[in-house]
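In this note's numbering, the protein residues as written are 410 to 511.
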């Protein structure tokens, strides 16, 4: 069984400088959103299970050589998505190369 509570806690810690991460639960289908420093709320288009899978697929070797390296790199992708979010964006989409705000 996956420990979504720990994953959400770790993700909150990694993204705390970028915004306030919220989850509507702690199961595979729970929705995650982040309220950026500009006050905008963006909601992931996937549940916790898909977000965790995306993090686990990340190869962070050479950039962040530590057990939490993939999560660190994911948080960088998320930060970039928040910074580049177009006006009116409300969603965060998982892509093979990172996260995109739409």
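The C-beta atom is built at its ideal place from N, Cα and C for all residues, glycine as well. In this text, all values refer to a predicted model and were calculated from it rather than measured experimentally.
Please check the pair residue i and residue j, which I expect to be a contact at CB under 8 Å, by giving their CB distance rounded to whole angstroms.
i           : j           : result
residue 453 : residue 470 : At roughly 25 Å, the Cβ-Cβ gap does not stay under 8 Å, so residue 453 and residue 470 are not in contact.
residue 491 : residue 423 : Going by Cβ atoms, the distance from residue 491 to residue 423 rounds to 13 Å, so no, they are not a contact pair.
residue 439 : residue 456 : 6 Å
Looking at residue i: is its Cβ nearer than 8 Å to the Cβ of residue j?
i           : j           : result
residue 463 : residue 503 : yes
residue 487 : residue 427 : yes
residue 449 : residue 494 : yes
residue 419 : residue 468 : no
residue 501 : residue 430 : no
residue 421 : residue 461 : no
Please classify residue i: is it buried, with 16 or more other beta-carbons within 10 angstroms of its beta-carbon, or exposed?
i           : result
residue 425 : exposed
residue 506 : exposed
residue 475 : exposed
residue 437 : exposed
residue 445 : buried
Tell me the DSSP bridge mates of residue i?
i           : result
residue 431 : 442
residue 503 : 508
residue 450 : 444
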